[in-house]
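Participant: I have a structure I would like to understand better, so I am pasting it below and will then ask my questions one at a time.
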Amino acid sequence: MPTAPDEPTVPVHGRAAVPTTVQDYPVTAVPYDRPPRRPTVKILTGLVVVLLIALTAVTGYFLSADKAHREREDQLAAQVADGQRKVQELQAQVAAAQADAAKARAENAASGGTDTGKVEQLTSCSDALKSVLSARSGADFSKAYKAMQELCKIAGIPLF
Numbered sequence: 426m427p428t429a430p431d432e433p434t435v436p437v438h439g440r441a442a443v444p445t446t447v448q449d450y451p452v453t454a455v456p457y458d459r460p461p462r463r464p465t466v467k468i469l470t471g472l473v474v475v476l477l478i479a480l481t482a483v484t485g486y487f488l489s490a491d492k493a494h495r496e497r498e499d500q501l502a503a504q505v506a507d508g509q510r511k512v513q514e515l516q517a518q519v520a521a522a523q524a525d526a527a528k529a530r531a532e533n534a535a536s537g538g539t540d541t542g543k544v545e546q547l548t549s550c551s552d553a554l555k556s557v558l559s560a561r562s563g564a565d566f567s568k569a570y571k572a573m574q575e576l577c578k579i580a581g582i583p584l585f
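Its first residue numbered 426, the sequence shown is counted upward by one per residue in the numbering used here.
So, in structure tokens, the structure goes:
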């Protein structure tokens with residue numbers, strides 16, 4: 426743009442003339458008010474807030490459920506370990522009962538067969554212990570365990 430002849434100029438690089446005064450222009454831009462939000466925008470904003478709250482609640486629920494699940498797994502693992510310990514004790518008692526039955530049979534054979542009842546009681550106790558060890562459900566186990574306690578008590582073998 427060519428400059429007006431009445432404006433002072435300063436040479437730049439020896440070629441172009443640049444005006445030395447800065448001209449102020451009046452501000453003509455007037456800020457306008459933001460139009461009011463439509464009801465759909467307010468509804469969508471509320472819906473997003475509700476969804477965020479629901480997402481937070483569901484996340485919290487799943488975290489607490491996961492914690493409860495882990496605690497339940499730990500409890501079940503402890504119960505399984507306790508059950509395995511009891512099974513090992515019962516296996517040891519079965520072995521002892523079988524040894525007693527074998528000893529009683531040998532004594533019965535040596536004495537002429539007078540202690541047949543004692544041998545049968547020891548054998549029934551041993552069989553009851555085997556049925557406890559072969560139980561597949563909790564109900565079967567408890568029934569077999571009660572029967573075993575009765576049979577072994579009659580045979581004179583103290584259990585628990």
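Ideal Cβ positions, reconstructed from N, Cα and C, are used throughout, including at glycine.
Can you tell me the Cα-Cα spacing of Lys511 and Ala527, whole angstroms?
Facilitator: Approximately 24 angstroms, taken between the alpha carbons.
Participant: What's the gap between the Cα of Ala524 and the Cα of Arg495?
Facilitator: Near 43 angstroms, if we compare the C-alpha coordinates of Arg495 and Ala524.
Participant: Closest to Leu515 by C-alpha separation, out of Val557, Thr470, Ala503, Ser489, would be which residue?
Facilitator: When each option's Cα is compared against that of Leu515, the closest is Val557.
Participant: Just confirm the distance between the C-beta atoms of Cys577 and Ala560, as a whole number of angstroms; I'd bet it's less than 8 angstroms.
Facilitator: The pair is not a contact, with the Cβ atoms about 16 angstroms apart (cut-off 8 angstroms).
Participant: On a CA-only basis, which of Asp565, Ala520, Ala531 is nearest Cys550? Give me that one, please.
Facilitator: Nearest option by C-alpha distance: Ala520.
Participant: Let me know the secondary structure DSSP gives Pro461 once reduced to three states.
Facilitator: Three-state DSSP puts Pro461 in coil, outside helix and strand.
Participant: Give the straight-line distance between the Cα atoms of Tyr385 and Gln500, rounded to the nearest whole angstrom.
Facilitator: Nothing can be reported for residue 385, as the shown portion of the chain is limited to 426 through 585.
Participant: Using a 10 Å radius around the Cβ and a threshold of 16 neighbouring Cβ atoms, would you call Gln663 buried or exposed?
Facilitator: Since the displayed the chain opens at 426 and closes at 585, residue 663 lies outside it and no answer follows.
Participant: Return helix, strand or coil for Arg561, following the three-state DSSP convention.
Facilitator: Arg561 falls in the coil class under three-state DSSP.
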